[in-house]
Amino acid sequence: SLYCINFSQLAMIVGAGAYARDLAAVVGGSSNITWMVQSITIVTSALGPPFSQAADYWGRKWFLVLSTVCGMIGCIIISRAASMGMAIGGSVICGLSYGSQPLLVAVASEIVPRRYRAVVQSGLGIATATGAIFGLLREKLLRLDWVAYAFLASGIVLFSMALTWADNPYSWRDARVSATFAISCVLLLSLGFHQIKLKKDGMIHHRLFSSVHSNIFSVTFFAAIVSSFGVAIYSSLMKSIRAPLALSFVLYILFGVLMATAKLSSNIAVTWCYPVILGIGFALTLTTVVTAAQMSAPPELIGLTLSLRSLGGSVALAIYNAIFNSAMKKYLAPSIAGAVVPLGVDPDDLPQLIQGLTTQDQKLLASIPGMTPRIMQAAVHALKEAYLSSFRRVWIALAAMAFCAFIPACFAINPKKDFSKDIDAPLDEKMAEATVAQVE
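When the count follows this note's numbering, it moves up by one through the sequence shown with no breaks and lands on 446 for the last residue.
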């Protein structure tokens with residue numbers, strides 16, 4: 007269930023950002039598309055801490071259940087939206103589901119031995135990556151892939167059961183743990199083989215990879231999936247989080263620098279390498295930072311502590327969005343004007359041209375007097391240059407923030423003593439409590 011919730015949340019927010027312009031082209035309101043994602047982040051940052059603290063006192067279950075139901079309702083509203091206002095309202099309701107996001111990690115940390123927390127966190131990271139990949143699908147899937155769903159559901163359930171039972175109360179050598187774990191691995195590998203070789207239009211639709219831009223974006227999350235396994239194994243065996251944590255911020259700095267120096271003429275083969283760097287850094291950070299927070303916080307305050315992760319992400323997104331919007335206001339109009347006015351475009355038609363380019367409204371562009379293919383090509387090139395210059399500021403800010411995080415990461419303490427077999431919410435104690443309650 008934790009995997010499915012994490013998967014759906016990332017698919018939800020990626021879809022809100024990826025399809026906002028497509029939605030605006032149908033229902034209008036292109037000037038408000040940024041609120042599709044921003045409304046979710048605002049609700050997340052506002053509700054994360056109070057949800058987490060309340061759940062620390064009264065339990066996690068109903069906060070997870072009710073918030074997830076809100077996410078489902080919000081998605082239904084967005085799918086039926088007849089206006090941008092209605093779609094944004096649906097996003098706000100979807101945002102209620104993200105208020106319980108820290109609880110996902112808290113629950114995962116409480117039901118397994120501490121030494122396996124990195125493994126469980128890497129599993130949630132894989133759910134995050136696969137959810138983001140799924141959110142990139144450009145068309146509806148016409149047929150449900152029941153074979154893939156069977157592999158996925160059974161594999162994830164058995165994988166989670168094996169980790170939950172490990173040393174709680176059965177040892178790894180017990181058949182109930184080792185056999186369950188082995189079967190789960192076989193099922194998940196079978197899912198991969200089925201989706202790659204046998205089913206091209208299934209759960210992981212091959213048309214997802216027909217676009218170069220989607221491929222580049224997906225590479226980040228594929229790299230994160232593979233790296234999550236590696237960092238989980240390393241942290242569990244070496245009982246170390248400092249080295250991968252520091253390395254993750256080095257990779258973020260490298261990614262920011264490389265992206266800031268990219269040009270429109272950059273070789274497309276080179277840009278395929280950049281998402282890999284980001285994906286590896288993403289996997290290392292998500293696993294080690296959350297594991298460190300779990301090890302450092304008292305068990306009864308884990309939820310509140312982990313809410314800072316969602317809060318930090320929401321604040322960072324707002325900062326990057328402000329940097330990008332400020333730069334676009336500075337570069338967009340002058341760049342397009344400098345490209346098309348010398349070609350004969352009336353300056354009075356520039357607002358219409360800019361609106362048509364940013365909203366991809368072909369009818370609006372065709373209605374501009376004197377529009378020619380040459381002018382259109384120059385305008386599109388100028389638009390790309392404006393986007394490139396604006397994103398360059400974002401990449402520089404990313405590298406600067408990553409450097410600030412790298413310094414304290416180098417001094418992080420490896421909690422080797424905490425990588426133990428202790429369980430904060432052991433199954434045998436719960437069983438004993440239930441038995442006592444029945445006797446009474």
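Using N, Cα and C, we set each Cβ at its ideal position, and we do this for glycine too.
* In terms of alpha-carbon separation, which member of V386, L197, A324 lies closest to T47? -> A324
* Three-pair Cβ contact test at 8 Å for the stretch 82–89 versus the stretch 348–368 -> no
* Roughly how many angstroms lie between the CA atoms of I374 and D355, to the nearest whole one? -> 7 Å
* For Q366, does the three-state DSSP call read helix, strand or coil? -> coil
* Asked: Cα-Cα, which of S177, W64, S103 is closest to S14?
  -> S103
* Please list the segments of the alpha helix (DSSP H) lying wholly inside the stretch 366–405, counting only runs of 4 or more residues, in order along the chain. => 368–372
* Could you tell me the distance, in whole angstroms, from the CA atom of M265 to the CA atom of N273? => 13 Å
* Among residues of its own chain, excluding the 5 on either side of V225, which ones have a beta-carbon nearer than 8 Å to its beta-carbon? -> W278, P281, V282, G285
* To do: Under the assumption that L197 contacts A154 (Cβ atoms under 8 Å), give the Cβ distance between them as a whole number of angstroms.
  => 6 Å
* What number of angstroms, rounded off, separates the C-alpha of V232 from the C-alpha of T294? -> 15 Å
* Asked: Taking Cβ positions, are N4 and I99 nearer each other than 8 Å?
  -> No information on residue 4 is available, as it lies outside the stretch 7 to 446 that the chain covers here.
* Contact check, D89 vs G21, beta carbons under 8 Å -> Residue identity check: residue 89 is Ser in the sequence provided, not Asp. For S89 and G21, no; Cβs fall outside 8 Å.
* What's the call for A238, buried or exposed, on a 16-neighbour Cβ count within 10 Å? -> buried
* Give the secondary structure of L197 by DSSP, where H, G and I count as helix, E and B as strand, and everything else as coil. => helix
* **Contact under 8 Å by Cβ, I11 with T74** => yes
* **N- and C-terminal bounds of the alpha helix (DSSP H) containing S73** => 67–85
* State the DSSP-derived secondary structure class of W64, mapped to helix, strand or coil. => helix
* Just confirm the distance between the C-beta atoms of I342 and L389, as a whole number of angstroms; I'd bet it's less than 8 Å. => 6 Å
* In angstroms with no decimal places, state the Cα-to-Cα distance between A188 and D180. => 12 Å
* Asked: V351 by DSSP, collapsed to three states: which one?
  -> coil
* To do: With C100 as the anchor, note down where its alpha helix (DSSP H) starts and where it stops.
  => 90–104
* Asked: For G262 versus A408, is the C-beta spacing smaller than 8 Å?
  -> yes
* Roughly how many angstroms separate the alpha carbons of L158 and A268, rounded to a whole number? -> 38 Å
* Asked: Which same chain residues, not among the five before or five after E145, have their C-beta less than 6 Å away from its C-beta?
  -> Confidence at E145 is low in this model, with a pLDDT of 43, below 50, so the placement of that residue should be treated as unreliable; the coordinate-derived value is given next. Taken in chain order, the list of residues that qualify is empty.
* **Alpha-carbon spacing of A345 relative to M334, whole angstroms** => 16 Å
* Asked: Got a sec? Which residues, its chain only, sit under 7 Å from A30 by beta carbon, not counting five neighbours each side?
  -> S36, I39, M90, T365
* E391 versus K422, L338, K67, residue with shortest Cα-Cα distance -> L338
* To do: Give the DSSP-derived three-state secondary structure of S224 in the structure shown.
  => helix
* When burial is assigned at 16 or more other CB atoms within 10 Å of the CB, is L147 buried or exposed? -> For L147, the pLDDT reaches just 44, beneath the cut-off of 50, and the residue's location in the model is therefore unreliable, although a value from the coordinates is still provided. The residue in question, L147, is exposed, as its Cβ has fewer than 16 Cβ neighbours within 10 Å.
* Buried or exposed: P250, going by 16 or more other Cβ atoms within 10 Å of its Cβ? -> buried
* Asked: If you drop the 5 nearest sequence neighbours on each side, which residues of the same chain put their C-beta closer than 6 Å to that of A26?
  -> I39, M42
* Within 8 Å, strictly: CB atoms of L164 and S184 -> no
* Taking 8 Å as the cut-off, decide whether the C-beta atoms of M301 and P421 are in contact. => yes
* To do: Tell me the start and end of each unbroken alpha helix (DSSP H) in the stretch 220–300 that is at least 4 residues and wholly inside, in chain order.
  => 248–266, 274–277
* Alpha carbon of L404 to alpha carbon of L394, nearest angstrom -> 15 Å
* **Same chain, Cβ closer than 8 Å to L257, neighbours up to 5 away in sequence not counted** => I283, L284, I286, G287, L290
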